[in-house]
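Undergrad:
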Amino acid sequence: MMDKVLFGDNQFFAVSHMSDEKSRAQAIRFKDDVSIIKVLDQAIETGISTFMCTTHDRIANICDHIRAYPAKYGNFKIYPCMPYAHKYANAITELGIMGTIKQYVPGNIFGTFAKGGLAFLSKDFLKLMEILIDAEMKMFKGINTPVIFIQNVLVDLLLGLKMMDVLVEYDSYIRKKYNAEPGYITMNMPMLLDALESAGIENPIICSSINKTGFRMSGGIALYEKYLTERHFRPIAMQVLASGAIRPKDAIQYLSNFPKIESVLFGASSKSHIQETKELIEEYVR
Amino acid sequence: MLKGGIIGLGKMGLSHAAIFAAHPQVNLVTACDTSSMILDAFKKYTNIKPYTDFKKMIDESELDFIVIATPTKLHHPMVKYALERKLHVFCEKPFSLTSAHGNELVKMAKEAGVVNQVGYHNHFIGTFRELKRLLSAQVLGDLVHFTGEAYGPVVVKGKADSWRSKPEEGGGCLFDYASHVLNLVQEVIAKPVNLQGAIMKSIYSNGVDDAVYALMSLSNNLSGVLSVNWSDETYRKMSTSITVQGKKGKIFCDATEIRIYLKEANEKEGLSKDWTVKYITDFAMPVNFYLRGEEYSAQVDYFIDNIINDKKPDINSFEEASYTDKVIEMIFKEAKRF
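Chains as they are written, first to last, in numbering that gives the first Met the number 0: chain A, 0 to 285; chain B, 0 to 337.
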């Protein structure tokens, strides 16, 4: 059972889909980990207990803090979302794909395979994927991570290329190694659900944009509404405010049309906004 | 269904491959790269047939179109080979390393009568389209100055050993980053025709520029500044913007928002006195498949639509892209190196 309210991290890492200018202002405000922890604590005070976050380098520091105060964060859960794509994307532009793997696959792994390590590894995609997942998951050691997501950029890349076997392998590895539910973030929910079902993955957790303006709902809002009403899956709604284009009350009220929605992901930087949005979600969702 | 192939499976190539493969009117049948790892992954997990030799791929595959996303120095021979076989061609930016090469391909594409497009995707972002529209409607009156900028965190430390670190292969900030801004200025405001000075700086890279700054004037006599730096880690990802100042006001535009300042209200456009801010959510183009941004799918949709309906593209043709190559050439020639 997932919490109804999931607190996101975009606001901490200068991600605003509406304004690059706003992003930079956020980057300055949250330059210290202390300022992030302060807002997280405010979210916890309103009763939120799940933080859904990218595997950004700075999240490692937040995890250290959480581990340091077990009494305070005893009920706290993190839903990691991997990979932090910009880290890899910028590296690929600079180093190429093999160079990037060399940089991010932990060095000692190559020790194990001795000389031909990378060549060996590059033929064994499953092993390579497992190593990269383990590297990203390292920072969450000792923290409760009941759902582990793949980011939309990777999900949608594999979806477009119809490499569904990779997602099947990811799915089973997350269940086996981490005893967690795999989750999928996507900008193409209907297409993804069809593809996952065809690949034999049933009732998946899918986090996608759901808002009444149809923002980032590829395939169209009508198809999304049909799937939310008729199909068998566990939807999480994100981008419900369409990056600020919809007023919070209207945005959350729209979600009440779809009782299947289990959780709503949102981020905010002030306690009053967090409180307001959480109360709206509690009131209107299911 | 159109049969397509792709050459080059780096970051842009993989992204294009996914978008083309997801297109309902496309069957992406084949892909070519030099990386055995990528090709093995395609072989193992997809129905897309892998090749290491692009000529063999084109000769054997009976394609309708080809997508080229290789390092820039390879564009010319590959595009040429495809045009000789009358394929429609989508080529990544920048188009070619010299305007002589570019002009040759422009001429060939015209003679072959095929759809030709280059991946300057900013023209498929709603805010930049709105900027172009507002400038055409002359909301700023007589123009005074422009600034074209792009910043991002591509090379933020002293090591780089890919083709992007070799100027003779099309590496460097001018080719890679500034080309976007130059192409935007060229198509949204007017063509750059003269340089009044240029600087190329290496910050962390050896051998290529990490930043380029230039003063230039355009065919409409407007003068302005180009300021581009790909070694700026205060940006999370590439951020491209255009600012235009006129006697009636000023517009700032990037991929997420457009901010319009007017000295007097413009009733026809519904713009008030002082600031009006509009966001990409007002202009976003709905697409059937999304990866990394609507603009990447929108440009692919446009390319495929032009092939199916036998239309000539009026956005991002080889000819437009080749002019951008010429401006890059001008900057290379004039720039002082630091």
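Where a beta carbon is used, it is the ideal one built from N, C-alpha and C, also for glycine.
Could you tell me which residues DSSP pairs with B/Q244 in its beta bridges?
TA: Beta-bridge pairing links B/Q244 to B/H144, B/K249.
Undergrad: Where do the ends of the beta strand (DSSP E) carrying A/F29 lie?
TA: Premise fails: A/F29 is in no beta strand (DSSP E) and is neither H nor E.
Undergrad: Fully enclosed by the stretch 194-274 of chain B, which beta strand (DSSP E) runs are 3 residues long or longer?
TA: The stretch 194-274 of chain B contains these whole beta strand (DSSP E) runs: 210-217, 222-228, 238-245, 248-253, 256-261.
Undergrad: Which residues bound the beta strand (DSSP E) around B/A30?
TA: It spans 25-31 - the beta strand (DSSP E) in which B/A30 sits, taken as one unbroken run.
Undergrad: Please list the partners that B/R128 has in chain A, where partner means a Cβ-to-Cβ separation under 8 Å.
TA: Residues of chain A passing the Cβ test: none, with the nearest at roughly 17 Å.
Undergrad: How far does the beta strand (DSSP E) with A/P189 in it reach, from first residue to last?
TA: Not the beta strand (DSSP E): A/P189 falls in the alpha helix (DSSP H), residues 188-197.
Undergrad: Check whether chain A comes within 8 Å of B/M0, counting only Cβ atoms and requiring the distance to be less than that.
TA: Cβ-Cβ to chain A under 8 Å: no for B/M0.
Undergrad: Smallest Cα separation from B/M0: which of B/V25, B/M11, B/G7, B/I6?
TA: The shortest Cα separation from B/M0 among B/V25, B/M11, B/G7, B/I6 belongs to B/V25.
Undergrad: Is the CB-CB distance between B/S230 and B/V154 below 8 Å?
TA: Contact flag set, yes.
Undergrad: Going straight from the alpha carbon of A/K3 to that of A/I47, what length do you get?
TA: Between A/K3 and A/I47, the C-alpha separation is close to 9 Å.
Undergrad: Please compile the residues from chain A whose C-beta is within a distance smaller than 8 Å of the C-beta of B/V286.
TA: Near B/V286 (Cβ distances below 8 Å), the residues of chain A are S217.
Undergrad: Using a C-beta cutoff of 8 Å, does A/N9 count as contacting chain B?
TA: Not closer than 8 Å to any Cβ of chain B, the Cβ of A/N9 fails to qualify, so no.
Undergrad: Tell me which residues of the stretch 231-253 of chain A have at least one Cβ-Cβ distance to chain B shorter than 8 Å, keeping chain order.
TA: Here the close residues are A241, S242, G243, A244.
Undergrad: Does the separation of the CB atoms of B/R128 and A/H85 fall below 8 Å?
TA: Contact flag unset, no.
Undergrad: Report buried or exposed for A/M188, applying the criterion of at least 16 other Cβ atoms within 10 angstroms of its Cβ.
TA: Answer is buried; the Cβ neighbour count reaches 16.
Undergrad: Inspect the beta-carbon positions of A/S207 and A/M237 and report whether they are closer than 8 Å.
TA: Closer than 8 Å, so yes.
Undergrad: With a threshold of 8 Å between beta-carbons, can B/K131 be considered close to chain A, or not?
TA: False, the Cβ-Cβ gap to chain A never drops below 8 Å.
Undergrad: Hey, is the stretch 6-21 of chain B in contact with the stretch 62-79 of chain B, meaning 3+ C-beta pairs nearer than 8 Å?
TA: Flag = yes, the stretch 6-21 of chain B and the stretch 62-79 of chain B touch.
Undergrad: B/K200 to B/F145, Cα distance in whole Å?
TA: B/K200 and B/F145: Cα-Cα distance of roughly 22 Å.
Undergrad: Do A/I61 and A/Y72 count as a contact pair if the criterion is CB distance below 8 Å?
TA: No, they are not a contact pair.
Undergrad: Helix, strand or coil: which one does DSSP assign to B/Y150?
TA: DSSP places B/Y150 in strand when its eight states are reduced to three.
Undergrad: How many Å lie between B/N193 and B/M215 at the Cα?
TA: Roughly 6 Å separates the two Cα atoms.
Undergrad: Give me the Cβ distance between A/D155 and B/Y289, rounded to the nearest whole Å; I'm assuming they're in contact under 8 Å.
TA: Yes, A/D155 and B/Y289 are in contact; Cβ-Cβ is about 7 Å, under 8 Å.
Undergrad: Would you please verify whether the beta carbon of A/G141 is less than 8 Å from any beta carbon of chain B?
TA: Output row for A/G141: interface = no.
Undergrad: Going by the CB atoms, is the gap between B/E263 and B/K249 shorter than 8 Å?
TA: It is not a contact, given that the beta carbons lie outside the stated cut-off.
Undergrad: Going by alpha carbons, who is nearest to B/Y301 out of B/K335, B/A213, B/N115?
TA: Of B/K335, B/A213, B/N115, the residue nearest in Cα terms is B/N115.
Undergrad: If the criterion is Cβ atoms closer than 8 Å, does the pair B/L270 and B/G169 meet it?
TA: No, Cβ-Cβ distance for B/L270 and B/G169 is not below 8 Å.
Undergrad: Consider the Cβ of B/T280: report whether some Cβ of chain A lies at a distance smaller than 8 Å.
TA: So yes, B/T280 belongs to the interface.
Undergrad: So, is A/M51 buried or exposed, given that buried needs 16 or more other C-beta atoms within 10 angstroms?
TA: Classification of A/M51: buried, given that the 10 Å Cβ count is 16 or more.
Undergrad: Name, in chain order, the residues that DSSP records as bridge partners for A/A236.
TA: DSSP output for A/A236 lists A/S207, A/V263 as bridge partner(s).
Undergrad: In chain order, what residues of the same chain lie with their CB nearer than 6 Å to the CB of B/E353, ignoring the 5 residues before and after it?
TA: Any property of residue 353 of chain B remains undetermined from this structure, which presents chain B solely from 0 to 337.
Undergrad: Among the residues of its own chain, which have a CB less than 6 Å from the CB of B/E328, if the five just before and after it don't count?
TA: Cβ neighbours of B/E328 beyond the five flanking positions: S98.
Undergrad: In this structure, what does DSSP give as the bridge partners for B/T71?
TA: Paired residues: none, contrary to the question.
Undergrad: A/S271 to A/L160, Cα distance in whole Å?
TA: So the alpha carbons of these two residues sit roughly 43 Å apart.
Undergrad: Alpha carbons only, please: which of B/K54, B/G292, B/P191, B/L130 is nearest the one belonging to B/N219?
TA: The shortest Cα separation from B/N219 among B/K54, B/G292, B/P191, B/L130 belongs to B/P191.
Undergrad: With DSSP collapsed to three states, give me the class of A/F148.
TA: The answer is strand: DSSP assigns A/F148 an E or B state.
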